[in-house]
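In our numbering, the protein residues as written are 4 to 264.
C-beta atoms are modelled at their ideal positions from N, C-alpha and C, and glycine is treated no differently.
Below you'll find the structure, written out as structure tokens, and then a few comments.
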Ligand SMILES: Cc1cc2nc3c(=O)[nH]c(=O)nc-3n(C[C@H](O)[C@H](O)[C@H](O)COP(=O)(O)O)c2cc1C
Ligand code: SF4
Ligand code: SF4
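What follows is the structure, encoded as structure tokens:
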């Protein structure tokens, strides 16, 4: 059994490769029973500022796992820093203990820093990493990826850099006149924080996970980061090539609008 959270499909792709029917965390947050029993239970999610998404931490607080083996795979795009340690601490705060925690380098979907065209042209050896992690997990290997003093320092410097910036800095978005009101952004949002008003998308900050799924999925490039944030390439967007838009909608849709796809 594997649970996942995804904005642009990386974590869903990995979850699909690890277990046959991955379960979307956004789709089960509304349920009453959070008890899960399986021979092995895992979580696959991205890191944001080296940490698991807020919704994943919330899920961990609610969930009760009956299992012999609990594993966590953190997908990232550039620098994991001490993400393994930070995840370990969040899991401990949720009253659990992971048997295995690791990271997996993929395309970095963080638009303020990266050009998606360039990211997609890099060979990050995803399949190699996946094969090694899968064999660890299937063998129920215990352990954690090593965290170095340099990794901790990278996180400390990051925290220092973002200190004083508004918490919402990564989640302030613009919708331009190019918006055609298609509603795709509303349906790839795992937190239900985009609605349509007068055929135009409106982003609500409350509950926003900063996953950037909405911006990446817009077919008209009508969503972008609001100033002062700037994008190296506002014309390039990303979705993992092993994940269809329909799968992303099934993973994240919190609306009850009739199918638009
Ligand atoms: C708001 C935000 C913050 C991010 N922070 C980091 C980070 O600290 N380090 C890193 O290497 N990647 C970071 N990333 C990149 C994602 O972790 C990475 O692309 C991940 O694989 C995306 O997974 P998904 O496609 O399942 O959403 C960040 C992405 C976003 C949107
Ligand atoms: S996906 Fe783009 S075009 Fe469609 S409603 Fe959202 S912002 Fe508008
Ligand atoms: S509004 Fe966009 S960034 Fe925020 S949770 Fe929804 S899809 Fe993710």
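- Classified as buried, residue 256 has 16 or more neighbouring CB atoms from the shown chains inside 10 Å of its CB.
- About 5 angstroms separates the CB atoms of residue 187 and residue 220; that is less than 8 angstroms, so the two are in contact.
- If you check the CB distance, residue 184 and residue 208 do not come in under 8 angstroms.
- Ligand 2 has no heavy atom closer than 7 angstroms to the beta-carbon of residue 193.
- Taking a contact as a CB-CB distance under 8 angstroms, the pair residue 49 and residue 10 counts as one, their CB atoms being some 7 angstroms apart.
- Sorted by position in the chain, 178, 182, 183, 184, 185, 186, 187, 188, 204, 221, 223, 225, 226 make up the residues whose C-beta lies under 6 angstroms from a heavy atom of ligand 2.
- Counting only the Cα atoms, residue 230 lies some 43 angstroms from residue 39.
- Of the heavy atoms belonging to ligand 1, at least one sits nearer than 7 angstroms to the Cβ of residue 111.
- Scanning its chain for C-beta atoms nearer than 6 angstroms, with the 5 sequence neighbours on each side dropped, one finds no residue around residue 96.
- In this chain, residue 185 is not harboured by any beta strand (DSSP E), its DSSP state being neither H nor E.
- For residue 201, there are no CB contacts under 6 angstroms within the same chain when 5 residues up- and downstream are skipped.
- By the CB criterion at 8 angstroms, residue 33 and residue 76 fall outside the cutoff.
- Each of 143, 158, 29, 241 was checked against the Cα of residue 109, and the nearest Cα belongs to 241.
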